[in-house]
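**Student:** One structure, pasted below without further comment.
Chains as they are written, first to last, in the working numbering: chain A, 202 to 406; chain B, 202 to 406.
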């Protein structure tokens, strides 16, 4: 059975790692920065603009009206008033939808739960953890200096919340948007994958 | 290992049933209305007052200052200004804490996650489901007439939110307060129990 699994996550919660392990366990494609690169290539934008975009929330705009229209296939639709960030978001949205249509997969970030809210067989998961756990991961995985770890973790959460609020028009981490939400610091990332597999009724391949 | 599992739930989500099945699977005590009865007997209040109290949020009061003081063992502490509802809540809180100190157990409702927030080995779970699923349960389990099902479900959610806000001083269903939150309509109550057991790293006895 086809299943699209979206993973949203607090910064440093291990959500990306959990998504990757989950995709490996299920033997399905994993999308994270890969999507960004694909979108960048297909839409002709510089990759650096795409890399900058996700963690940044900007001002303005009724991009949601345009959502679903393939703006990038037809630059003459009159939607040239879109900001660069909105265009990047639209290109990413197209890639997310394309990936979801193709096959079962795991998609981390990119407001995928919102972008795919009209599609069947989408399961939305949110990963959280206590601040200590996330600071430790920030120090070890992202090489953030110890004295800046707390600030960076909270700043990145804030960015994600702003990004989600701006693009999806909803409060980030709103429990109503997720089938399953769990703290990864209770048992670690492998344990989180195990719990998610149980919830999905899916076995490792 | 001792584990106290608290279950909060949207009305009609099957949270109470899930809690009962979980307690059976783990062979530990299950507390729901049992707590209310015990509290009622020990504190000398009429049971009917207790039964009325949980789903009702009232006005006023710094009962939280008194929380932890055994008000009912000593009626002469000067806390006679407490409303009946506050006294009922305090009596319930004492019972919840007593149960949690005694042994591993499953506690449904009663703001148990809040009442036990200073205790170790407490795992907080929140059960949700879509409105259709909950309306069906309301009709079948609680014999609520079809035409009133939606209204009753939403009214009861509102009451629980008010009750939690009043007593715990926090937004109900705030994801940050729970280790695990899941939709029960994805796979039913047995499936939810299975997922929780996996998350807890605990086997059925």
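Even glycine gets a Cβ: it sits at the ideal position worked out from N, Cα and C.
On a predicted model such as this, the values are computed, not experimentally measured, just so you know.
Between residue 301 of chain B and residue 203 of chain B, what straight-line distance do the alpha-carbon atoms span, to the nearest angstrom?
**Tutor:** The straight-line gap from Cα to Cα measures roughly 9 Å.
**Student:** I'd like the ranges of any beta strand (DSSP E) spanning at least 3 consecutive residues and lying wholly in the segment 291-333 of chain A.
**Tutor:** As far as the segment 291-333 of chain A is concerned, its whole beta strand (DSSP E) runs of at least 3 residues are 306-309, 323-329.
**Student:** Spell out a yes or no on whether the segment 335-345 of chain A and the segment 346-357 of chain B are touching, meaning 3 or more CB-CB pairs, one atom from each, closer than 8 Å.
**Tutor:** As far as the Cβ criterion goes, the segment 335-345 of chain A does not touch the segment 346-357 of chain B, which means the pair count is below three.
**Student:** Is the Cβ of residue 270 of chain A closer than 7 Å to any Cβ of chain B?
**Tutor:** Low confidence applies to residue 270 of chain A: its pLDDT is 42, below 50, so where it sits in the model is not reliable, and the reading given next is rough at best. By this cut-off, residue 270 of chain A is not an interface position.
**Student:** For residue 372 of chain A, does the count of other Cβ atoms within 10 angstroms reach 16, so buried, or fall short, so exposed?
**Tutor:** Burial call: exposed.
**Student:** Just tell me which of B:205, B:207, B:218, B:212 has its CA closest to the CA of residue 391 of chain B.
**Tutor:** Closest by alpha carbon: B:218.
**Student:** Out of curiosity, what's the CA-to-CA distance linking residue 328 of chain A and residue 222 of chain A?
**Tutor:** In a straight line, the C-alpha of residue 328 of chain A is about 14 Å away from that of residue 222 of chain A.
**Student:** From A:224, A:394, A:336, pick the residue whose C-alpha is nearest to that of residue 305 of chain A; which is it?
**Tutor:** The residue with the shortest Cα to Cα distance from residue 305 of chain A is A:224.
**Student:** Please work out which residues of its chain come closer than 6 Å, Cβ to Cβ, to residue 207 of chain B, disregarding the five sequence neighbours upstream and downstream, and give them in chain order.
**Tutor:** If we look at residue 207 of chain B and ignore the five residues flanking it on each side, its Cβ neighbours are 308, 313, 314, 325.
**Student:** Go ahead and label residue 286 of chain A buried or exposed: buried means 16 or more other beta carbons lie within 10 angstroms of its beta carbon, across all protein chains shown.
**Tutor:** That one is buried.
**Student:** Of the residues A:316, A:330, A:353, A:381, which one's Cα is nearest the Cα of residue 399 of chain A?
**Tutor:** The candidate whose alpha carbon is nearest that of residue 399 of chain A is A:381.
**Student:** CA-CA distance, residue 389 of chain B and residue 338 of chain A?
**Tutor:** Near 35 Å, if we compare the C-alpha coordinates of residue 338 of chain A and residue 389 of chain B.
**Student:** How would you label residue 370 of chain A, buried or exposed, when you count the other beta carbons within 10 angstroms and need 16 or more for buried?
**Tutor:** Exposed, because fewer than 16 other Cβ atoms sit within 10 Å of the Cβ of residue 370 of chain A.
**Student:** Hey, how far is the Cα of residue 330 of chain B from the Cα of residue 353 of chain B?
**Tutor:** Distance between the alpha carbons of residue 330 of chain B and residue 353 of chain B: 15 Å.
**Student:** How would you call residue 336 of chain A, buried or exposed, if buried means at least 16 neighbouring beta carbons within 10 angstroms?
**Tutor:** Buried: at least 16 other Cβ atoms inside 10 Å.
**Student:** Just the Cα atoms here: how many angstroms apart are residue 320 of chain A and residue 297 of chain A?
**Tutor:** Their Cα atoms are separated by approximately 12 Å.
**Student:** In whole angstroms, what separates the C-alpha of residue 210 of chain A from that of residue 220 of chain B?
**Tutor:** Looking at the two C-alpha atoms, the distance is approximately 27 Å.
**Student:** Any idea which residues DSSP pairs residue 232 of chain A with across the strands?
**Tutor:** DSSP, once it has assigned bridges, lists A:308 as partnering residue 232 of chain A.
**Student:** Between which two residues does the alpha helix (DSSP H) harbouring residue 219 of chain A extend?
**Tutor:** Taken as a continuous stretch (DSSP letters only), the alpha helix (DSSP H) holding residue 219 of chain A covers 216-227.
**Student:** Could you tell me the alpha carbon to alpha carbon distance between residue 294 of chain B and residue 311 of chain B, rounded to whole angstroms?
**Tutor:** About 8 Å.
**Student:** Give a yes or no on whether the minimum CB-CB distance between residue 376 of chain B and chain A is below 7 Å.
**Tutor:** Yes, its Cβ sits closer than 7 Å to a Cβ of chain A.
**Student:** Taking the alpha-carbon of residue 385 of chain A as reference, which of A:334, A:229, A:288, A:234 has the nearest alpha-carbon?
**Tutor:** Nearest of A:334, A:229, A:288, A:234 to residue 385 of chain A, Cα basis: A:334.
**Student:** Would you check if the distance between the CB atom of residue 205 of chain A and the CB atom of residue 322 of chain A is smaller than 7 Å?
**Tutor:** Closer than 7 Å, so yes.
**Student:** For residue 372 of chain A, report the span of its beta strand (DSSP E) as first-last.
**Tutor:** Taken as a continuous stretch (DSSP letters only), residue 372 of chain A belongs to no beta strand (DSSP E), as it is neither H nor E.
**Student:** Spell out the partners DSSP gives residue 384 of chain A in its beta bridges.
**Tutor:** In DSSP, residue 384 of chain A forms a bridge with A:329.
**Student:** Can you tell me whether DSSP reads residue 284 of chain B as helix, strand or coil?
**Tutor:** The answer is coil: DSSP assigns residue 284 of chain B none of H, G, I, E or B.
**Student:** Quick one: is residue 347 of chain A buried, meaning 16 or more other Cβ sit within 10 Å of its Cβ, or exposed?
**Tutor:** Residue 347 of chain A should be labelled exposed.
**Student:** Alpha carbon to alpha carbon, how far is residue 363 of chain A from residue 374 of chain A?
**Tutor:** Using only the alpha carbons, I get a separation of about 11 Å.
**Student:** Tell me which same chain residues have a C-beta within less than 8 Å of the C-beta of residue 393 of chain A, skipping the five on either side of it?
**Tutor:** For residue 393 of chain A, where only same-chain residues beyond five positions count, the Cβ hits under 8 Å are 215, 219, 328, 383, 385.
**Student:** On the three-state DSSP scale, how would you describe residue 397 of chain B?
**Tutor:** Reduced to three states, the DSSP call for residue 397 of chain B is helix.
**Student:** Of all the CB atoms in chain B, is at least one closer than 7 Å to the CB of residue 368 of chain A?
**Tutor:** With 7 Å as the cut-off, residue 368 of chain A does not count as an interface residue toward chain B.
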